[in-house]
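Before any comments, here is the structure.
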Amino acid sequence: MRKYYIIILVCIVTVTGCTNEKALQICSVLEQELLKSGVENSKILKLGEFSDLSYEINEIKLSETEVQQLVNEAMQMYDKLKEDKKKEIVEKGDFVTIEYESVCEGKVIDANNEKTLKVGGGDFDTDIENSLVGAVKGETYCIQIVIPEGEGELAGKEETTTITVKKIQHIEHEELTDAFVKENFELESVEEFYQFLKSNEESQRQRALEIEAQNQLMNQAVQSCKYSLDENEVLQVALEIYLGYEEGAQTYGASMEEYMSTFMGVTEDIYDACYSEAEEKIKRELMIGAIAFHRNIEGEGNGFNAWLEKKGINLGRDILENTLQEYKKTYIETSVKEYLINITGKGRKDYEETNEKSGKVYVGCNVGSAIELYGICFGT
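Numbering-wise (the working numbering), the sequence shown opens with residue 654 and increments by one.
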């Protein structure tokens, strides 16, 4: 079990020798990143057959139903609660403003002079919400409940709550008109509003798909390379990853199992998951570093300065070295990713085939660029 090794690693890290096979050089920025994590003996030995890289992106087209849902959600932001002065009796689904005080063992444990909630909405105590159905505005009621488990020392004890309904309200919806759109969105018409929301959402979803596809491309590239990884270095990085997740769990007051399942989607053995993540992290940085070295991509010079300017980053005089290092690393990673994308021929119509039925774009490779990169592998 990886768990055993990780626990042992807290006390002892044994350095093992690496293979005699000649390693590829990596750029100084990624070398520093690896050294910071205690990675010194792990090496990349050979870059992969990048001509096999490919990925696909579905074209996003929203349906009329999806667009209408976007409009409804946007308009909900302008909903207002309006008091129904003629209504005297509370019904399920009404919005009510209440005054309440909760007492347990002679002590006030909760109180509010003006709490607004939807009856049956589940945002408040269920028993108290249910007791409001049929309540008369202006009258005071008393309800007793047993405090449920999970409420600390008070769990299982009896709580008495007095409630007065001060207002009964309903939602007033804003009418979607050309005038409303002009005033609030600086658009000319309702039709333009629909198109704006549609285009914006399609663009965001398309970008998310592109990022996911590019990450898949990078993963393919990483897996196609040959490495010599030091077991203890992987375990060291895995331990750092585990401790980072443990800190996150503590922040949310959750167990590691709950945190990893909810936020990271990890339901398998956590230690094995951290070990696998550590392996991928080291491999990725070794590959990026090797490509960057042989392509002369460094965190300096005109290319780096142009990237900073495009991002609106002004280094100034007093920038911290760690911050500068992060900028350099991000620039190099981005440049290598773009380089691999270019090898696949992404964006060049000569290498794209679209399936009209599925709307998927299948991307092949640019043979010329692939041969150029092979020179790295063969040392030419």
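Yeah, the Cβ is synthetic: ideal placement off N, Cα and C, and Gly gets one too.
Through-space distance from residue j to residue i, alpha-carbon basis
i, j, result
"L688", "F703", "27 Å"
"G759", "C795", "15 Å"
"T987", "R858", "20 Å"
"K981", "F957", "8 Å"
"K790", "E827", "27 Å"
"S929", "I996", "27 Å"
"Q721", "V834", "15 Å"
"K964", "E844", "34 Å"
"Y880", "M940", "9 Å"
"F946", "Y924", "33 Å"
"E910", "T920", "8 Å"
"G809", "G775", "21 Å"
"T718", "V724", "10 Å"
"A832", "G998", "47 Å"
"G1000", "G803", "In this prediction, G1000 has a pLDDT of 42, which is less than 50 and means its spatial position is unreliable; nothing more can be read from the coordinates."
"V818", "P801", "24 Å"
"D778", "T769", "13 Å"
"L892", "N885", "10 Å"
"N868", "G773", "44 Å"
"G641", "E812", "In this structure the chain extends from 654 to 1033, so residue 641 is not present and cannot be described."
"G901", "I944", "33 Å"
"A676", "N694", "10 Å"
"Y912", "E686", "27 Å"
"G969", "I950", "22 Å"
"E744", "T915", "36 Å"
"T976", "Q678", "24 Å"
"I966", "K740", "58 Å"
"D705", "A866", "15 Å"
"L840", "E962", "31 Å"
"E836", "E854", "22 Å"
"L662", "L896", "Note on L662: pLDDT 44, under 50, position unreliable in the model; no value is reported."
"E767", "E974", "51 Å"
"D922", "W960", "40 Å"
"F849", "F838", "10 Å"
"I894", "C680", "24 Å"
Anticipated Cβ contact below 8 Å, residue i with residue j, distance rounded
i, j, result
"T814", "I781", "6 Å"
"G954", "Y984", "Rounded, the Cβ-Cβ distance is 10 Å, inconsistent with contact."
"E932", "V989", "The pair is not a contact, with the Cβ atoms about 19 Å apart (cut-off 8 Å)."
"G691", "C878", "Not really, about 21 Å apart at Cβ, beyond 8 Å."
"I994", "L870", "7 Å"
"V682", "Q978", "7 Å"
"I742", "G787", "6 Å"
"E754", "V761", "6 Å"
"E684", "G942", "6 Å"
Option in the options with minimal Cα separation from residue i
i, options, result
"G746", "G775, E839 and K771", "K771"
"V756", "Q797, K735, S784 and G775", "Q797"
"T830", "Q889, F946 and S842", "S842"
"E674", "G691, K696 and V682", "K696"
"L807", "F946, N694 and D763", "D763"
"K738", "K820, N967 and G918", "K820"
"I824", "E938, F748 and A945", "F748"
"Y898", "Q876, A926, E754 and A943", "A926"
"Q876", "D922, R937 and T817", "R937"
"T793", "S784, D922, E744 and E717", "S784"
"S716", "A891, Y753, S852 and E741", "S852"
"K735", "E884, E900, Q822 and E911", "Q822"
"R948", "E802, N872 and E991", "E991"
"N872", "I935, N766, L961 and E855", "I935"
"K699", "Y895, M913, L882 and E767", "L882"
"S856", "K714, E974, L677 and I679", "K714"
"F846", "T915, E726, A676 and L968", "E726"
### Length-filtered (3 minimum) beta strand (DSSP E) runs lying within the region 925-952
none
### Task
Let me know the beta strand (DSSP E) ranges lying completely inside the region 723-809, each 3 residues or longer, listed in chain order.
733-736, 748-757, 760-771 and 793-799
### Every unbroken alpha helix (DSSP H) within the region 850-924, with a cutoff of 4 residues, ordered by chain
884-904 and 909-916
### Task
Would you be able to state if there are at least three C-beta pairs under 8 Å between the region 705-713 and the region 729-737?
no
### Message
Within 8 Å, do at least three Cβ pairs link the region 896-908 to the region 848-862?
### Response
no
### Message
My parser needs the alpha helix (DSSP H) runs of 4 or more residues fully inside the region 812-853; what are they?
### Response
831-838
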